[in-house]
Amino acid sequence: MQRLKGLSVLIPFILSGIIILTGCGQEEASGGVTDVTDALFLSENEAEESESMSYGETGTAAGTTAPVSEIAASQEQGKFRKARKLSDEECRELQNYINDAGSYGFLLSVYEKPQDLDAEQVFFTGAGLELITPTEEEREAYREITGGAETVNLFGISAQQVTDYLQYKAGVSLDELTRQPDWIYLEDYDTYYQCHGDEETNICEFEVTDAAVQGDYYRVHYRVRRYAPDLDGGHIPVYEAILKRNGDNYRFCANRLWLENGLLLGPYCEVETEKFGKVKFCAYRPDNNASEKADVDFLFIRDSEILYRLGGMDSRNIRTDRIFRDVDEVDLGDYDGDGAKEIVTICEYEITEEGNGRQDGREARIYRFDEDGNPCLDKELTAKINSSVSELSLSGIAHYVKTGKDREKFGGRFEAYAAEAAEADPDSYNKFALIYVNDDRFPELLELGTSEDKGAKIVFYRDGVLQETKVSSAFSYLNKENLLLNRCGTGNLFTDQIYVYTGSRFEAYQSGVFGTMDAAITAYTKSGKPEYSYKWEGSAVSEAGYQDALGFIYDKKDAIDPTKIEMKTAEEFLQSLKK
Numbered sequence: 060m061q062r063l064k065g066l067s068v069l070i071p072f073i074l075s076g077i078i079i080l081t082g083c084g085q086e087e088a089s090g091g092v093t094d095v096t097d098a099l100f101l102s103e104n105e106a107e108e109s110e111s112m113s114y115g116e117t118g119t120a121a122g123t124t125a126p127v128s129e130i131a132a133s134q135e136q137g138k139f140r141k142a143r144k145l146s147d148e149e150c151r152e153l154q155n156y157i158n159d160a161g162s163y164g165f166l167l168s169v170y171e172k173p174q175d176l177d178a179e180q181v182f183f184t185g186a187g188l189e190l191i192t193p194t195e196e197e198r199e200a201y202r203e204i205t206g207g208a209e210t211v212n213l214f215g216i217s218a219q220q221v222t223d224y225l226q227y228k229a230g231v232s233l234d235e236l237t238r239q240p241d242w243i244y245l246e247d248y249d250t251y252y253q254c255h256g257d258e259e260t261n262i263c264e265f266e267v268t269d270a271a272v273q274g275d276y277y278r279v280h281y282r283v284r285r286y287a288p289d290l291d292g293g294h295i296p297v298y299e300a301i302l303k304r305n306g307d308n309y310r311f312c313a314n315r316l317w318l319e320n321g322l323l324l325g326p327y328c329e330v331e332t333e334k335f336g337k338v339k340f341c342a343y344r345p346d347n348n349a350s351e352k353a354d355v356d357f358l359f360i361r362d363s364e365i366l367y368r369l370g371g372m373d374s375r376n377i378r379t380d381r382i383f384r385d386v387d388e389v390d391l392g393d394y395d396g397d398g399a400k401e402i403v404t405i406c407e408y409e410i411t412e413e414g415n416g417r418q419d420g421r422e423a424r425i426y427r428f429d430e431d432g433n434p435c436l437d438k439e440l441t442a443k444i445n446s447s448v449s450e451l452s453l454s455g456i457a458h459y460v461k462t463g464k465d466r467e468k469f470g471g472r473f474e475a476y477a478a479e480a481a482e483a484d485p486d487s488y489n490k491f492a493l494i495y496v497n498d499d500r501f502p503e504l505l506e507l508g509t510s511e512d513k514g515a516k517i518v519f520y521r522d523g524v525l526q527e528t529k530v531s532s533a534f535s536y537l538n539k540e541n542l543l544l545n546r547c548g549t550g551n552l553f554t555d556q557i558y559v560y561t562g563s564r565f566e567a568y569q570s571g572v573f574g575t576m577d578a579a580i581t582a583y584t585k586s587g588k589p590e591y592s593y594k595w596e597g598s599a600v601s602e603a604g605y606q607d608a609l610g611f612i613y614d615k616k617d618a619i620d621p622t623k624i625e626m627k628t629a630e631e632f633l634q635s636l637k638k
C-alpha cells in the first residue's frame, strides 16, 4: 500500500490542500448505468428535438460543492436530438464538479463502462466521505491479517459507504467491478481499510476544455491543469468523460483518452515491442503554450493508457535553436544487425539564427531498448548520425549504424537500387519493384514493408545519392504524373496527403482530414454510416466537397496501388536488374 497512487498518464498536479466532504447526497435516479455504448451522442438514440429551451434554477446537489443548476435546467424540457455545445459558464460548472473531492478519483482510470473503473483511485483520499478512525482492536486485527503492517496512517471506510457511494456516483456496486481494490476487509467491523503516508496523494486539478450535452448524457473533454512553473514542451493528454445526469448530480459512465487530440496522423503506427507488446506509436504536436520552440512528443499508448513517453532531445522538451515543423519518418527495426530493434525518427525543423543544425533542417534520433525494455535516446549515436550522414533517410541511417560510415556516392541508378535491395532488412522490407512516378524516363524503386506499420518506401536516385519517402501501405500514384496520394489514420480520424515530386523528393502539396474531429470515438447512424466531418486544407467542407477537392488534383480512377504492381523478392529483383 506504500506507493504513490494516481494514473501516471495524467501527470498529477499535487495540491497543497484536500477538500473534505462530510458525505454524499441520497437522491438517486432509478436504475444504474452499466453500458453506455448506445448513448454516446448518437442522434438516433434521442427523442425529437424540442422547439424551445428555457433556463431555470435548481438547488445545489446535496453533499457536493459544484452547482449543476444551469446545466440541469437546460434539459428540463426533454431530450434533444442533436448534441449541444456547452457554454463557458456551463463548462466551469462541470469543471467544479469533476474537481470535487468526491469526483476527481473517477477520472484517474480509463474505462468504457463503470464496472471497469478503479475503486482504489476513487477512495484513495476518502472521496470526501467521513472516514473511520480505527480503534486499537481494529488496528490489531489489521496487523494480524497483514503480518504486522504499519498502522500509523490507517483509516477505514465502511462497506456500506463504499457500496452507496459507488451506486450514487457510477450506478455500480463494488462486487460488479472487474478490478477489485487492494484493501483489507475486516468482516467483524464490515469496513475496508487503507494505509498510506500523509505525503501520498492522487489529487489532481483538471481543466475542462469543452463539453457537449445530448439528452441526459454529457461529453466532457478535460486535461490536467498545469501552471507556468511546471510547463514544459510535453504533450498534455486530453481525456473524454461521459457523464449521465442523475437528479441534481451526475453519474460517471466512461472515461477514455482522446487519442487523436493533437496527434500527427502521418507517423502514427502500431508496433510490436518486447516489453509492452503491441502499442500505438504516437507523435504529438508541441505544446506551444509553453514555448514556440516546444518539441514533438513521442508516446507508446495502448487501450487508452499512456504506457511510456520517449525522452526528447532536451530534458524539458523545449529546443533552444529550432522550431518543430513535422515528423517525416518513424521506424522500428534492427538497424545494427544485432537482433535487437531500435526506433528511428526523422523530423523537420526551422533552424533559428542562433542555431547550428543541418542546412536541410532535418534531424534524426535513434532509441535503443535498455535491459528493462524501455526505449532510451542514444544521444551519442544520434549526434554522430546527424553530423555524419549526408542524406538522412532510414536506409542511410541503417548503413551508417552498421558500418560507421556514410554511404559513398553511387556510379549509377541501378547500382544504387541493387545496393538498397541487398542491404534491406528482410524482416522490414522484402518486396521490390521499379515504378514510374515522375515524368522522366527513369524509374523509382518501391520497397514494400512486411507489415502495416512498415508501410512502403519510394526511393529516388539523384546525382549518385538515394533519397526516399516513407508512405503507408495504402498509398497510390499516377504513372509519370509526379503525383502520389498517401492515406493514413487511426480508425477514427484519417488524412489524405497529396505529394508532388519536385525533382529530388516528394513535397507535401495539399491535404484533407476526415473522420471524428470533436470526440474520442466515432458515432454511427442506425444504417451503420459513421458521422464524419470533413476538412480540406483546413476549411470545413461536405463529404461531396471533400471528394471534389481531392479529385480536382488527383484522379483516383487512374491511380496505381501496390495491389496492381508485380512485386519481387530481393533475390528476384537483383536478378532482374542484371538483365
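So for the sequence shown, our numbering puts the first residue at 60; every next one is plus one.
Backbone N, C-alpha and C define an ideal beta-carbon position, used for all residues, glycine too.
1. Helix or strand or just coil, what does DSSP make of residue 616?
2. Do the CB positions of residue 294 and residue 343 come within less than 9 Å of each other?
3. Report the option in 193, 197, 164 whose CA atom is closest to the CA atom of residue 185.
4. Go through its chain and collect everything with a Cβ distance to residue 360's Cβ below 6 Å, but skip five positions before and after it.
5. Verify whether the separation of the beta carbon atoms of residue 325 and residue 390 is less than 9 Å.
6. Is residue 237 buried or exposed, if buried means 16 or more other CB atoms sit within 10 Å of its CB?
7. Measuring CB to CB, does residue 481 end up less than 9 Å from residue 629?
8. Given a threshold of 16 other Cβ atoms within 10 Å of its Cβ, counted over all protein chains shown, does residue 571 qualify as buried or as exposed?
9. Determine the DSSP secondary structure at residue 295, reduced to helix, strand or coil.
10. Alpha carbon to alpha carbon, how far is residue 301 from residue 177? Give it in angstroms, no decimals.
11. Over what stretch of residues does the beta strand (DSSP E) that includes residue 528 continue unbroken?
12. Using 9 Å as the threshold, is the C-beta distance between residue 321 and residue 373 below it?
13. Could you give the uninterrupted runs of the alpha helix (DSSP H) lying entirely in the segment 458–544, keeping only those of 4 residues or more?
14. For residue 187 and residue 305, what's the separation of their Cα atoms in angstroms?
15. In or out: residue 434 buried (at least 16 other Cβ within 10 Å) or exposed?
16. Skipping 5 residues on each side, what residues in its chain have a beta carbon closer than 6 Å to that of residue 215?
17. How would you write the range of the alpha helix (DSSP H) that residue 142 sits in, first residue to last?
18. Taking contact to mean at least 3 C-beta pairs separated by less than 8 Å, is the segment 610–623 in contact with the segment 519–538?
19. Going by DSSP in three states, residue 204 sits in which element: helix, strand or coil?
20. Tell me whether residue 115 sits in a helix, a strand or coil according to DSSP, three-state version.
21. Among the residues of its own chain, which have a CB less than 6 Å from the CB of residue 94, if the five just before and after it don't count?
22. Give the DSSP-derived three-state secondary structure of residue 441 in the structure shown.
23. Would DSSP call residue 250 helix, strand or coil?
24. Apart from the five residues just before and just after residue 363, which ones in its own chain have a Cβ nearer than 7 Å to its Cβ?
25. Which value, in whole angstroms, describes the spacing of the CA atoms of residue 607 and residue 158?
26. Please report the straight-line C-alpha distance between residue 403 and residue 554, rounded to a whole angstrom.
27. Since residue 285 and residue 229 are thought to touch, with beta carbons under 8 Å apart, how far apart are those beta carbons, to the nearest angstrom?
28. Around the C-beta of residue 561, are 16 or more other C-beta atoms found within 10 angstroms, so that it is buried, or is it exposed?
29. Following the continuous beta strand (DSSP E) through residue 178, name the residue where it begins and the one where it ends.
30. Using a Cβ-Cβ cutoff of less than 6 Å, which residues in the same chain neighbour residue 235 once the five nearest sequence positions on both sides are dropped?
31. Does the distance from the C-beta atom of residue 506 to that of residue 515 stay below 9 Å?
32. Do you know how far the Cα of residue 199 is from the Cα of residue 590?
33. Name the DSSP bridge partner or partners of residue 280?
34. Which ranges would you report for the beta strand (DSSP E) in the segment 338–388 if only whole runs of at least 3 residues count?
35. Using the three-state DSSP reduction, which class does residue 556 fall into: helix, strand or coil?
36. Output the distance between the C-alpha atoms of residue 408 and residue 387, rounded to the nearest integer angstrom.
By the coordinates alone:
1. Counted from its first residue, the sequence shown places residue 616 at position 557. Three-state DSSP puts residue 616 in a helix.
2. Here the question's residue 294 lines up with position 235 in the sequence shown. Here the question's residue 343 lines up with position 284 in the sequence shown. A contact, by the Cβ cut-off of 9 Å.
3. Locating residue 185 in the sequence shown gives position 126, counting from the first residue. When each option's Cα is compared against that of residue 185, the closest is 164.
4. For the purposes of this step, residue 360 is taken as the residue at position 301 of the sequence shown. Cβ neighbours of residue 360 beyond the five flanking positions: 339, 341.
5. Here residue 325 corresponds to residue number 266 of the sequence shown, with the count starting at 1. Here residue 390 corresponds to residue number 331 of the sequence shown, with the count starting at 1. No, the pair does not count as a contact, with Cβ atoms beyond the cut-off.
6. On the sequence shown, residue 237 is found 178 positions in, with the first residue counted as 1. Label assigned to residue 237: exposed.
7. The residue labelled residue 481 in the question sits at position 422 within the sequence shown. The residue labelled residue 629 in the question sits at position 570 within the sequence shown. Result yes, Cβ atoms of residue 481 and residue 629 sit closer than 9 Å.
8. For the purposes of this step, residue 571 is taken as the residue at position 512 of the sequence shown. That one is buried.
9. Mapped onto the sequence shown, residue 295 falls at position 236. DSSP places residue 295 in coil when its eight states are reduced to three.
10. As a working mapping, residue 177 is identified with position 118 in the sequence shown. As a working mapping, residue 301 is identified with position 242 in the sequence shown. Approximately 16 Å, taken between the alpha carbons.
11. By 1-based counting over the sequence shown, the position of residue 528 is 469. For residue 528, the enclosing beta strand (DSSP E) starts and ends at 524–530.
12. As a first step, residue 321 is located in the sequence shown; it is residue number 262 there, counting from the start. As a first step, residue 373 is located in the sequence shown; it is residue number 314 there, counting from the start. Contact: no.
13. For the segment 458–544, whole alpha helix (DSSP H) runs of length 4 or above, ordered along the chain, are 472–482.
14. Residue numbering aside, residue 187 sits at position 128 when the sequence shown is read from its first letter. Residue numbering aside, residue 305 sits at position 246 when the sequence shown is read from its first letter. Rounded to the nearest whole angstrom, the CA to CA distance from residue 187 to residue 305 is 19 Å.
15. As a first step, residue 434 is located in the sequence shown; it is residue number 375 there, counting from the start. Residue environment: residue 434 is assigned as buried (16 or more neighbouring CB atoms within 10 Å of its CB, all protein chains considered).
16. Numbered from 1 along the sequence shown, position 156 holds the residue referred to as residue 215. Around residue 215, the same chain offers 191, 193, 250, 252 as residues with beta carbons nearer than 6 Å, after the five sequence neighbours per side are excluded.
17. Taking the sequence shown and counting its residues from 1, the one referred to as residue 142 is at position 83. From DSSP, residue 142 is part of no alpha helix (DSSP H); its letter is neither H nor E.
18. With the cut-off at 8 Å, the segment 610–623 and the segment 519–538 touch.
19. Residue numbering aside, residue 204 sits at position 145 when the sequence shown is read from its first letter. Residue 204 falls in the helix class under three-state DSSP.
20. Translated into positions along the sequence shown, residue 115 becomes position 56. Caution is warranted here: a pLDDT of 29 is assigned to residue 115, below 50, making its placement in the model unreliable, and no coordinate value can be reported.
21. Stepping through the sequence shown from its first residue, residue 94 is reached at position 35. Its pLDDT being 41, under 50, residue 94 is placed unreliably by the model, and nothing is read from it.
22. Position 382 of the sequence shown, counting from 1, holds the residue named residue 441. Helix, per DSSP.
23. Walking along the sequence shown from the start, residue 250 turns up at place 191. Residue state, collapsed to three classes: strand.
24. Here residue 363 corresponds to residue number 304 of the sequence shown, with the count starting at 1. Cβ contact annotation for residue 363 (same chain, cutoff 7 Å, sequence separation greater than five): 169, 315, 316, in chain order.
25. Taking the first residue of the sequence shown as 1, we reach residue 607 at position 548. Taking the first residue of the sequence shown as 1, we reach residue 158 at position 99. Going by the C-alpha atoms only, they are around 46 Å apart.
26. Counting from one through the sequence shown, the residue named residue 403 turns up at place 344. Counting from one through the sequence shown, the residue named residue 554 turns up at place 495. If you take the alpha carbons of residue 403 and residue 554, they lie about 23 Å apart.
27. Position 226 of the sequence shown holds residue 285. Position 170 of the sequence shown holds residue 229. Wrong, their Cβ atoms sit about 28 Å apart, outside the cutoff.
28. Here residue 561 refers to the residue found at position 502 when the sequence shown is read from its first residue. Answer is exposed; the Cβ neighbour count stays below 16.
29. In the sequence shown, the residue the question calls residue 178 occupies position 119. Careful: residue 178 lies outside any beta strand (DSSP E), inside the alpha helix (DSSP H) at 178–182.
30. For the purposes of this step, residue 235 is identified with residue 176 of the sequence shown, where counting begins at 1. In chain order, 174 place their CB closer than 6 Å to the CB of residue 235, counting only its own chain and leaving out the 5 sequence neighbours on each side.
31. Taking the sequence shown and counting its residues from 1, the one referred to as residue 506 is at position 447. Taking the sequence shown and counting its residues from 1, the one referred to as residue 515 is at position 456. For the 9 Å CB-CB criterion, residue 506 and residue 515 form a contact.
32. For this step, residue 590 is matched to residue 531 along the sequence shown. For this step, residue 199 is matched to residue 140 along the sequence shown. C-alpha separation (whole angstroms): 59 Å.
33. The count along the sequence shown starts at 1 and reaches residue 280 at position 221. Answer is 269, 299.
34. The segment 338–388 contains these whole beta strand (DSSP E) runs: 356–361, 364–368.
35. Numbered from 1 along the sequence shown, position 497 holds the residue referred to as residue 556. Strand.
36. The sequence position of residue 408 within the sequence shown is 349, counting from 1. The sequence position of residue 387 within the sequence shown is 328, counting from 1. Between residue 408 and residue 387, the C-alpha separation is close to 11 Å.
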